[in-house]
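To start, the structure itself, in structure tokens.
In my numbering, the protein residues as written are 1034 to 1226.
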């Protein structure tokens, strides 16, 4: 199974992108917004999950390992396929999903296209125990990421940006090991484009 791609962005059509890795083009589907801040020709690193079925093969790509791991948890829930899982990860960050599950916030999940009340309740019941057993690295990463992203968002909002603009910029600028100052600076650069 292919777990990571490092290559150049060749084309984007909605949530589907073509990544060139040393001359081989990989078509991947990712949560909406994954490629919004990238231009054709940009190098990108994506964490992938491949699903092989008798009649087709699909590859899903995520900008971070925690997002991919949460995708893997979501698709294990009865009735939740890869498309629904990708939609949920497009609508919420991993830390927001963990908060939604811990607070059993059915209404938040129902805002995702295709998820009704019954499905939202099933997701919350199934995820409640699984979130507690997420790998330490995932739980640690989402906690520190959540705090860092929240602080950066707050700083941008204080500078006069709307909450949604700030969240999108921070989400796009975040990477493993970034400091708060670097995250704010990179987010401001994204907002000024």
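All C-beta atoms, glycine included, are put in the ideal place defined by N, C-alpha and C.
| Check | Outcome |
| --- | --- |
| In whole angstroms, give me the CA-to-CA distance for residue 1044 and residue 1052. | 7 Å |
| Within the same chain, show all residues whose beta-carbon is closer than 6 Å to that of residue 1080, passing over the 5 residues directly before and after it, in chain order. | 1037, 1095, 1098, 1101 |
| Considering Cα atoms alone, identify which of 1222, 1127, 1060, 1190 is closest to residue 1091. | 1060 |
| Whole angstroms are fine: how far does the CA of residue 1225 sit from the CA of residue 1193? | 13 Å |
| Pick out the complete beta strand (DSSP E) segments inside the region 1071 to 1132, 3 residues or longer, and give them in chain order. | 1076 to 1086, 1089 to 1095 |
| Round the Cβ separation of residue 1137 and residue 1157 to the nearest angstrom and send it over; I've been treating them as touching at under 8 Å. | 5 Å |
| Nearest to residue 1078 by alpha carbon, out of 1183, 1129, 1207? | 1207 |
| Since residue 1200 and residue 1186 are thought to touch, with beta carbons under 8 Å apart, how far apart are those beta carbons, to the nearest angstrom? | 6 Å |
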